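Undergrad: The sequence shown maps to residues 668 to 1080 in the numbering used here.
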Amino acid sequence: RTPPTMAARMFSGEALADLRAAFSRRSSTRARRGRGASVIVAGKPKAKNKDTGRAIHFRTGPERFNAGSQVGEAPRGGKGKGKTTRSQRTNKVYKQYLSGRPTVDDVERASRGDRTKAMGVVEREAPYRLTRDEREAWDRAKRRGGDNGKGYGGGGVLEMRSTQRDPLAPHRHPLVNTHRLYCDAKQALFVLVEQDNEGRDEIVCDLSTLRLERDAECRARLVALAATMERGIVVDDACGDEEPIESQARYVAAMERDELDGLSGSDPSTMTDPPSDSDSNGDASLSGAAAPSEETLAAARDAVDALGEEIRSLKDGGAVNSDPEVSRRVAKLLELKAELRALEDAAKTSTPDAIEAAIREEREARERAVEEARRSLAESPIYALPERYLRFKCPDRPTAKALAKALAREDLL
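(1) Quick one: is residue 962 buried, meaning 16 or more other Cβ sit within 10 Å of its Cβ, or exposed?
(2) Just how far apart, CA to CA, sit residue 1084 and residue 958?
(3) Classify residue 766 as buried or exposed, calling it buried when 16 or more other Cβ atoms lie within 10 Å of its own Cβ.
(4) Going by alpha carbons, who is nearest to residue 781 out of 912, 846, 1058 and 796?
(5) Taking the beta strand (DSSP E) that residue 890 falls in, what are its first and last residues?
(6) Alpha carbon to alpha carbon, how far is residue 875 from residue 1016? Give it in angstroms, no decimals.
(7) Thinking C-alpha only, which one of 1056, 1049 and 1061 is nearest residue 852?
(8) Locate the alpha helix (DSSP H) running through residue 1004, then write down its first and last residues.
(9) Return the Cβ separation of residue 1057 and residue 904 in integer angstroms, given the expectation that the two are a contact with Cβ distance under 8 angstroms.
(10) Does the beta-carbon of residue 728 have 16 or more other beta-carbons within 10 angstroms, so that it is buried, or is it exposed?
(11) Taking residue 806 as the reference, which of 792, 896 and 842 has the closest Cα?
(12) Helix, strand or coil: how does DSSP classify residue 792 here?
(13) Grab the span of the alpha helix (DSSP H) containing residue 1026 for me, first residue to last.
(14) First and last residue of the beta strand (DSSP E) that includes residue 872?
(15) Does DSSP put residue 1064 in a helix, in a strand, or in coil?
(16) Please return the same chain residues whose Cβ sits closer than 7 angstroms to the Cβ of residue 892, not counting the five positions on each side in sequence.
(17) Roughly how many whole angstroms lie between the Cα atoms of residue 993 and residue 920?
(18) Could you check where the beta strand (DSSP E) with residue 860 kicks off and where it finishes?
(19) Take residue 999 and list the residues in its own chain whose beta-carbon comes closer than 7 angstroms to its own, dropping the five residues that flank it on each side.
(20) Assuming residue 826 and residue 855 are in contact, meaning their beta carbons sit under 8 angstroms apart, how far apart are those beta carbons, in whole angstroms?
(21) Measuring CA to CA, which of 1052, 1070, 1047 and 685 is closest to residue 1166?
(22) Looking at C-alpha atoms only, which residue of 773, 859 and 1001 is the closest neighbour of residue 978?
(23) In three-state terms, what does DSSP make of residue 1056?
(24) Apart from the five residues just before and just after residue 916, which ones in its own chain have a Cβ nearer than 7 angstroms to its Cβ?
(25) Taking all protein chains shown into account, decide if residue 1021 is buried (16 or more other Cβ within 10 angstroms of its Cβ) or exposed.
(26) Can the beta-carbon of residue 1063 be found less than 8 angstroms from the beta-carbon of residue 823?
(27) I need the boundaries of the beta strand (DSSP E) containing residue 903, first residue and last residue.
(28) Under three-state DSSP, which class holds residue 785?
(29) Please state the DSSP three-state secondary structure of residue 828.
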């Protein structure tokens, strides 16, 4: 059979089927291209700041990479790098603030200039990082301490030249700062031997690292120990008769007064002593000034009224405030009013109820100051506590070395 010609196939059913099939293939290709483009354009872009990796521990539900509810909520923090992100490990919010004594590990970190595990271990402006020579001297000081087997003590003896100074240290030498911090961590007495070029060494003991509320007995024991060593040792007690709890309470009371008065930055050396326990009744201090009588108050009121009438008569006669006579009498009137106000205030505070209220307020303020002082002695960092110095001037270096070792090994707790 011969194939039909083109004219014969033009309108036949076979040609229409071929055209229909070709058109459908072309349409499907365009549709696929269109759908692919629409997927790319309309797809959800990936956020640039989307956290990945370890942050999966802090997302729950569908946000945990299709985990759904199969995995429960993971606790924040914990040990290991897989539980916290780097920003959380270095953030101050997730770090623990120092309360009381530091750890020996943190002291070692501070001596190397590394970050401590707890915040507030070192003073921001004071140096603590040790050089190679200072670290060798510090290691020798720690070896002189020994171990008493009681879990405290063993701070050792630090030796330094009395002329050794660091121009970059505005507060103290970094070796002194680090060793004082180490003695605080070990609950030991701070002992420093300042070596003189001529051999007349001086021993400096700081009892603030013991964090005692009363250290008079400890100071007496150290002085008695020095008296048994050798003659010629001169003792200088810089603490006086004031106990640490009393000194700290005086400081707290002065800070509260400055805060109430709107002052700041007062010098602790100018602070007044708080009322002692012997004045707990408060009669001698509060009722020492006699209350003004009714005759005195009446006379003061009459003087103010009379002078006011004189000024009023002068103004009725044509005088003004700028006249010398009126100005002089107005100034006198202001003085009389101030005296009258002081007398009235004294009369109000001299009543039995006012005296009792003042005594009660004074007693409560003293109790608050003592409680805050006790808390600060236990929880404040060592650089925030005042030093409690006890100095021993020795005639020669062998005596200073023997006495320093005896002082460091003395059990004061």
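Even glycine gets a Cβ: it sits at the ideal position worked out from N, Cα and C.
The model shown is predicted, which means the values in this text are computed figures rather than measured ones.
TA: Let me lay it out:
(1) For this step, residue 962 is matched to residue 295 along the sequence shown. So residue 962 counts as exposed.
(2) Shown here, the chain extends from 668 to 1080; a query on residue 1084 therefore has no answer.
(3) Taking the first residue of the sequence shown as position 1, residue 766 is located at position 99. Residue 766 comes out exposed.
(4) Start at 1 with the first residue of the sequence shown, and residue 781 comes out as number 114. In terms of CA proximity to residue 781, 796 leads the group 912, 846, 1058 and 796.
(5) In the sequence shown, the residue the question calls residue 890 occupies position 223. That residue, residue 890, is in no beta strand (DSSP E); its alpha helix (DSSP H) goes 883 to 894.
(6) Along the sequence shown, read from residue 1 onward, the residue named residue 1016 stands at position 349. Along the sequence shown, read from residue 1 onward, the residue named residue 875 stands at position 208. Roughly 42 angstroms between the two C-alpha positions.
(7) By 1-based counting over the sequence shown, the position of residue 852 is 185. Minimum Cα distance to residue 852 is reached at 1049.
(8) Indexing the sequence shown from 1 puts residue 1004 at position 337. Residues 991 to 1016.
(9) Reading the sequence shown from its first residue, position 390 is the one you call residue 1057. Reading the sequence shown from its first residue, position 237 is the one you call residue 904. Yes, they are in contact, since the Cβ atoms of residue 1057 and residue 904 sit about 6 angstroms apart, within 8 angstroms.
(10) Working through the sequence shown from its first residue, we reach residue 728 at position 61. Unreliable positioning characterises residue 728 in this predicted model, as indicated by a pLDDT of 47, which lies under 50. A coordinate reading is not provided.
(11) Position 139 of the sequence shown, counted from the start, is the residue given in the question as residue 806. When the alpha-carbon of residue 806 is set against those of 792, 896 and 842, the nearest one is in 842.
(12) Here residue 792 is taken as the residue at index 125 of the sequence shown, counted from 1. Three-state DSSP puts residue 792 in coil, outside helix and strand.
(13) Counting from one through the sequence shown, the residue named residue 1026 turns up at place 359. Residues 1019 to 1046.
(14) Within the sequence shown, numbered from 1, the residue matching residue 872 stands at position 205. Note, residue 872: beta strand (DSSP E), 869 to 873.
(15) In the sequence shown, the residue the question calls residue 1064 occupies position 397. Note: residue 1064 maps to helix in three-state DSSP.
(16) Working through the sequence shown from its first residue, we reach residue 892 at position 225. The residues are 1073, 1074 and 1077.
(17) Numbered from its first residue, the sequence shown carries residue 993 at position 326. Numbered from its first residue, the sequence shown carries residue 920 at position 253. About 47 angstroms.
(18) Stepping through the sequence shown from its first residue, residue 860 is reached at position 193. Taken as a continuous stretch (DSSP letters only), the beta strand (DSSP E) holding residue 860 covers 857 to 862.
(19) The residue labelled residue 999 in the question sits at position 332 within the sequence shown. Same-chain partners within the cutoff: 974.
(20) Taking the first residue of the sequence shown as 1, we reach residue 826 at position 159. Taking the first residue of the sequence shown as 1, we reach residue 855 at position 188. Wrong, their Cβ atoms sit about 16 angstroms apart, outside the cutoff.
(21) Nothing can be reported for residue 1166: it is not among the residues displayed for the chain, which extend from 668 to 1080.
(22) Locating residue 978 in the sequence shown gives position 311, counting from the first residue. Comparing Cα positions, the closest option is 1001.
(23) Counting from one through the sequence shown, the residue named residue 1056 turns up at place 389. If DSSP states are grouped into helix, strand and coil, residue 1056 belongs with the strands.
(24) What you label residue 916 is simply residue 249 of the sequence shown in a count that begins at 1. Excluding sequence neighbours, residue 916 sits near 941, 1036, 1037 and 1040.
(25) As a position in the sequence shown, residue 1021 is number 354, starting the count at 1. Burial call: exposed.
(26) Numbered from its first residue, the sequence shown carries residue 1063 at position 396. Numbered from its first residue, the sequence shown carries residue 823 at position 156. Going by C-beta atoms, residue 1063 is not nearer than 8 angstroms to residue 823.
(27) As a first step, residue 903 must be located in the sequence shown, where it is residue number 236. Under the DSSP assignment, residue 903 falls in the beta strand (DSSP E) whose first and last residues are 901 to 904.
(28) Numbered from its first residue, the sequence shown carries residue 785 at position 118. Note: residue 785 maps to strand in three-state DSSP.
(29) To locate residue 828, count along the sequence shown from 1; it is residue 161. DSSP places residue 828 in strand when its eight states are reduced to three.
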